[in-house]
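Remarks on the structure that follows.
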Amino acid sequence: MGRTYKTEGIILKRTNYGEADKILTIYTKHYGKIRALAKGVRRVTSRRGGNVELFNQAILFLNKGRNFDLLTEAQVTKSFKTWRKDLKKVVLAYYFVELVDKLTPDEQASQAVFQLLSYYLDKLGTANLPELTRSFEEALLRELGFGVPQELKQEPGSLKDYIETITEKKLNSQEIAREID
Numbered sequence: 000m001g002r003t004y005k006t007e008g009i010i011l012k013r014t015n016y017g018e019a020d021k022i023l024t025i026y027t028k029h030y031g032k033i034r035a036l037a038k039g040v041r042r043v044t045s046r047r048g049g050n051v052e053l054f055n056q057a058i059l060f061l062n063k064g065r066n067f068d069l070l071t072e073a074q075v076t077k078s079f080k081t082w083r084k085d086l087k088k089v090v091l092a093y094y095f096v097e098l099v100d101k102l103t104p105d106e107q108a109s110q111a112v113f114q115l116l117s118y119y120l121d122k123l124g125t126a127n128l129p130e131l132t133r134s135f136e137e138a139l140l141r142e143l144g145f146g147v148p149q150e151l152k153q154e155p156g157s158l159k160d161y162i163e164t165i166t167e168k169k170l171n172s173q174e175i176a177r178e179i180d
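This is how it looks when you write it as structure tokens:
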């Protein structure tokens, strides 16, 4: 990889940095999970601010940096508008990206994980949410090599507790889901 590179990615997380910048956690097709600095995107006049919204899938142009890569341009390819106004679906999308963020190591590429996340974010607009949740959890765990224990395969519902034992951390998105129910 040279100093500048282009890749496709899905925005997993955004953190404010300084007065006008954001640090983005992005799951990319070719480089896995990376962190990039998006300068000036918090300014009202920023043209790139809308392109780096949470869950957006975009073509990204980056410069390699010492601490963070620097985002120079982003072109949205999918913004998933069909479900963005439905709070339950947004919470589920947040759960999906949180799982990918917590279960995947930095800079370990997996096109299969990228395709899986993109596919399930697409399906949010039309699918049965409890079935979609379980299906995503199982597919992601299988893809990452964790699998699902035999005793949990027959149990209905989410695999959240099992996933929390793997990550050794609580999942924030499930707390939010509980509050809106």
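For what it's worth, numbering that gives the first Met the number 0 labels the leading residue of the sequence shown as 0, then goes sequentially. Yeah, the Cβ is synthetic: ideal placement off N, Cα and C, and Gly gets one too.
Element boundaries [beta strand (DSSP E), containing residue i]
| i | result |
| --- | --- |
| LYS21 | 20-27 |
| LEU36 | 31-37 |
| PHE60 | 56-62 |
| THR3 | 3-16 |
Same chain only: Cβ atoms within 8 Å of residue i, ignoring 5 sequence neighbours per side
| i | result |
| --- | --- |
| PHE135 | PHE95, LEU98, LEU115 and TYR119 |
| ASP100 | LEU11, LYS12, THR24, TYR26 and LYS32 |
| ALA35 | ILE22, LEU23, ILE25, LEU59, LEU61, PHE67, ASP68, LEU69 and LEU70 |
| PRO148 | TYR161 |
| GLN107 | GLY31 and LYS32 |
Cβ separation of residue i and residue j, assumed to be a contact under 8 Å, to the nearest whole Å
| i | j | result |
| --- | --- | --- |
| THR166 | PHE113 | Actually they do not touch by this definition, with Cβ atoms about 20 Å apart. |
| LEU53 | LEU91 | Not confirmed; about 13 Å, so no contact. |
Same chain, Cβ closer than 6 Å to residue i, neighbours up to 5 away in sequence not counted
| i | result |
| --- | --- |
| ARG141 | none |
| LYS38 | ASP20 |
| TYR93 | SER172 |
| LEU59 | THR6, GLY8 and ALA73 |
| LEU143 | LEU102 |
| ARG65 | none |
| SER45 | GLY39 |
Exposure of residue i, with buried meaning 16 or more beta-carbon neighbours within 10 Å
| i | result |
| --- | --- |
| THR132 | buried |
| ASP105 | exposed |
| ASN127 | exposed |
| VAL43 | exposed |
| ALA111 | exposed |
| LYS56 | What sits at residue 56 in the sequence shown is Gln, not Lys. Buried. |
| ASN50 | buried |
7 Å Cβ shell around residue i - same chain, five flanking residues per side excluded
| i | result |
| --- | --- |
| ARG83 | VAL89 |
| PHE145 | ILE165 |
Extent of the continuous alpha helix (DSSP H) to which residue i belongs
| i | result |
| --- | --- |
| MET68 | Looking at the sequence itself, residue 68 is Asp, so the reference to Met does not match. Not the alpha helix (DSSP H): ASP68 falls in the beta strand (DSSP E), residues 68-77. |
| ASP160 | 159-166 |
| LYS91 | As written in the sequence, residue 91 is Leu, which differs from the Lys given in the question. LEU91 -> alpha helix (DSSP H) spans 86-102. |
Self-check item: Length at least 4, wholly inside the stretch 117-157: the alpha helix (DSSP H) runs in chain order
Solution: 128-142 and 149-152
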